[in-house]
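**Q** What follows is a structure written as structure tokens; I'll ask about it next.
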Ligand code: KG4
Ligand code: ZN
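In the working numbering, the protein residues as written are 1 to 331.
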């Protein structure tokens, strides 16, 4: 079985080829056009996908040494994501699959992020907990089997990736903010500033990051007024510490509540090394799986991989799916 995966839900134009659970090739084109605006401009994202998707697909086929006629299916992200961006991928996938007379599968982006863990770690076993941390989501899922998920907790407001991106913008760092803050924090003292950690004392598994961003803004205003000399790397490190500590703490509470001790990370923020360190430290008695960084941020491999799983059990209806910007992972 050979499946082509297409991912265009946000600002990465990505494609990959999966054969029998192995990724033969994977290309992710991170659209740099958004950097100058400090955030993703939806209309531009769609246009960039239009421009680069067919070349990306041609290159993954070439790199995998696979021809179009050898494909058994095209899997494409149908949601959640930006409507226009999703549509470019879905329309392309539909056209290609119809031309080739093969199936077109609509894939849930969140589910694909979670299943990216099986690419590098086929030995991963159910049930497990997944901390899904991306630009749009901050959730802890209990994964009992394929299609059997229950949400243990999530953010009330901003997603953690947003907190990184908005924080970086306030600090005058580049977009995307996560890697920029992680790099800036490397030489910083992470105890220099005490930023808030919402719900730290609560037993509820929930997050809130809007107050953190506001605290950073007030802090920067205060030091500007007092002309205090501060070191950017100290602020970045302290801001990052506040985020990773609360994520690990809530994951620890989820372990206690569920009794499940196998944990995976997923989503762009899962690439953060300081987060991985914190989780390793706080949950040293658990079995931890971290996907490779290239499979944390948006990529086509996770879509092709999950598409092949669904093809094998023949359970997603072909071609009738809708594009769904607000798609969730049902309990
Ligand atoms: O999963 P993803 O690529 O796209 C969404 O589905 O949202 O996640 C993107 C988010 C961005 O907010 C970006 O700043 C964050 O992931 N990110 C990171 C790192 N790499 C990407 N955050 C913290 N540390 C990183 N190394
Ligand atoms: Zn994503």
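All C-beta atoms in this analysis are idealised placements derived from N, C-alpha and C, irrespective of residue type, glycine included.
Can you name, in chain order, every residue of its own chain whose Cβ lies under 8 Å from the Cβ of residue 102, other than the five neighbours on each side?
**A** 71, 72, 73 and 74
**Q** Can you check DSSP and say which residues form a bridge with residue 214?
**A** Paired residues: none, contrary to the question.
**Q** Can you tell me whether residue 134 sits near ligand 2, meaning its C-beta is under 6 Å from at least one heavy atom of the ligand?
**A** yes
**Q** Of the residues 9, 89 and 106, which one's Cα is nearest the Cα of residue 314?
**A** 106
**Q** In chain order, which beta strand (DSSP E) runs of at least 3 residues are fully inside the stretch 44-79?
**A** 73-79
**Q** So which of 82, 238 and 169 has the shortest CA-CA distance to residue 196?
**A** Looking from the CA of residue 196, the closest CA among 82, 238 and 169 belongs to 238.
**Q** Kindly indicate which three-state DSSP category residue 154 falls into: helix, strand or coil?
**A** strand
**Q** Per DSSP, what are the beta-bridge partners of residue 142 in this structure?
**A** 129 and 150
**Q** Would you check if there are 3 or more beta carbon pairs closer than 8 Å linking the stretch 21-34 to the stretch 300-311?
**A** yes
**Q** Label residue 187 either buried or exposed according to how many other C-beta atoms from any shown protein chain fall within 10 Å of its C-beta, with 16 as the threshold for buried.
**A** exposed
**Q** Taking 6 Å as the cut-off, is the C-beta of residue 298 nearer than that to any heavy atom in ligand 4?
**A** Absence of ligand 4 is noted for the structure shown, with ligand 1 and ligand 2 being the only ligands found.
**Q** Among the candidates 38, 134 and 98, whose CA atom is the shortest distance from the CA of residue 297?
**A** Check the Cα spacing between residue 297 and each of 38, 134 and 98: the tightest is with 134.
**Q** Are residue 295 and residue 116 close, meaning C-beta to C-beta below 7 Å?
**A** yes
**Q** In the DSSP assignment, the beta strand (DSSP E) including residue 19 goes from what residue to what residue?
**A** Segment 12-19, the beta strand (DSSP E) holding residue 19.
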